[in-house]
Amino acid sequence: MPASFSMSMAQLDVVLEELGLGRFVLPFEIPTVGTTITERERHCEEIWAGLADRGFARGRELLRDYEQSLRLWATGDFVLTMEAHEVEEDAEYLYRGAWNSRLGIVSQQRGFDILFEPVYPEQVVTTLLGYLPSLPPFPGRVTTSSTLPPAKRPDDPFDEDPNNLRLGAAARFFEHPLARLGTISVTLRDDRGKPQQKSVQWFDSLQGRFMLTTDRFPDGEVRRTFTPTSGSHLARWVHDLVEAARVGSA
44 MPASFSMSMA
54 QLDVVLEELG
64 LGRFVLPFEI
74 PTVGTTITER
84 ERHCEEIWAG
94 LADRGFARGR
104 ELLRDYEQSL
114 RLWATGDFVL
124 TMEAHEVEED
134 AEYLYRGAWN
144 SRLGIVSQQR
154 GFDILFEPVY
164 PEQVVTTLLG
174 YLPSLPPFPG
184 RVTTSSTLPP
194 AKRPDDPFDE
204 DPNNLRLGAA
214 ARFFEHPLAR
224 LGTISVTLRD
234 DRGKPQQKSV
244 QWFDSLQGRF
254 MLTTDRFPDG
264 EVRRTFTPTS
274 GSHLARWVHD
284 LVEAARVGSA
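Following our numbering, the numbering of the sequence shown begins with 44 at its first residue and continues without gaps.
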């Protein structure tokens with residue numbers, strides 16, 4: 044694997060197409076350039092020339108290490124993404140990590156560039172979660188809020204708009220202003236090779252950090268669990284999903 048490197052969105056647009064990987068590599072939005080065949084071809088020539096000048100390619104072919112890194116990044120056995128929103132700055136920060144049994148890679152967006160950092164597989168989760176600022180857990184205990192559709196219990200405060208839910212004891216988590224919030228998602232393959240995605244939300248308030256997991260049941264029940272955490276519970280949540288997938292595919 045190469046050392047840390049970066050590629051622009053314009054370069055990734057061309058390279059991912061050449062490798063047959065597509066441009067939909069969440070959580071990033073990679074625009075395409077060129078509205079006509081002629082414009083597209085001219086753009087591709089400029090991109091490949093620039094990559095060759097940087098020592099990334101020969102002709103229209105990436106060097107092996109860079110191709111291997113991008114293939115892992117786009118189609119790893121395990122993929123971890125994180126979206127973070129800074130409330131006061133109204134700024135978005137995007138991250139993606141991927142790994143298999145041998146290699147790992149972590150990436151983050153900086154302007155119109157994606158920065159890539161090859162790591163060991165076991166370092167992906169720690170590295171990605173390390174982008175979160177250090178913060179103590181929100182004070183208090185784990186709290187669960189459960190709701191049922193009106194058809195199951197007419198007096199239940201269920202509403203399709205989550206902002207209208209009466210959270211009961213869990214409402215205390217939102218009594219203080221939020222500094223940042225975001226989503227962490229894990230994509231892995233089930234025992235039939237089909238991609239499955241699970242997500243968890245996290246919040247940084249002025250009192251500390253907490254995470255929110257949501258479980259939906261066949262009878263319509265929606266159960267939300269609020270867990271105070273400095274970040275260790277987020278890592279445990281990812282670890283448990285990955286281990287369950289490994290056991291299921293063994």
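Note that beta-carbon positions come from the ideal geometry of N, C-alpha and C, so glycine has one too.
query                                                                                                                             : result
Terminal residues of the beta strand (DSSP E) in which Asp258 lies                                                                : 251-259
Gly211 - containing beta strand (DSSP E), residue span                                                                            : No beta strand (DSSP E) contains Gly211, which DSSP labels as neither H nor E.
Contacts around Ala117, its chain only, beta-carbon distance under 6 Å, and the 5 residues preceding and following it disregarded : Leu64, Val68
Rounded distance between the beta-carbons of Val57 and Ile90, thought under 8 Å                                                   : 4 Å
Opening and closing residue of the alpha helix (DSSP H) in which His219 lies                                                      : Segment: none, His219 is in no alpha helix (DSSP H) and carries neither H nor E.
Alpha helix (DSSP H) runs contained entirely in the region 85-110, provided each spans 4 or more residues                         : none
Ala53, enclosing alpha helix (DSSP H) - first and last residue                                                                    : 52-62
Alpha-carbon to alpha-carbon, Leu55 and Thr256                                                                                    : 33 Å
Buried versus exposed call for His219 [16 or more other C-beta atoms within 10 Å across all chains shown]                         : exposed
Asn206 versus Ala214: straight-line alpha-carbon distance, rounded                                                                : Any reading at Asn206 needs caution, since the residue's pLDDT is 48, under 50, leaving its predicted position unreliable; the model's value is listed next. Spanning the two alpha carbons is a distance of roughly 11 Å.
Same chain, Cβ closer than 6 Å to Thr226, five either side skipped, listed in chain order                                         : Glu126, Ser242, Gln244
Length of the line joining the Cα atoms of Gly77 and Asp262                                                                       : 50 Å
Where Ala287 falls, given that 16 or more other Cβ within 10 Å makes a residue buried                                             : exposed
Segment contact, 8 Å Cβ cut-off, at least three pairs: the region 138-155 with the region 163-175                                 : yes
Candidates Ala212, Arg289, Thr190: closest to Arg259 by CA position                                                               : Thr190
One or two residues paired with Gln166 in a DSSP bridge                                                                           : DSSP output for Gln166 lists no bridge partner at all.
Per-residue DSSP class, three states only, for Ala278                                                                             : helix
Whole-number beta carbon distance between Thr124 and Ser275, since they are thought to touch under 8 Å                            : That belief does not hold up - the Cβ atoms of Ser275 and Thr124 are roughly 19 Å apart, past 8 Å.
Residue environment, Tyr174, which counts as buried when at least 16 other CB atoms sit within 10 Å                               : exposed
Alpha carbon of Thr272 to alpha carbon of Pro180, nearest angstrom                                                                : 4 Å
Sequence-distant residues of the same chain with beta carbon closer than 7 Å to Ala293, five excluded per side                    : Only weak support is given to the placement of Ala293: the predicted model assigns it a pLDDT of 47, under 50, and the value that follows is read from those uncertain coordinates. Excluding positions up to five away in sequence, the list is empty.
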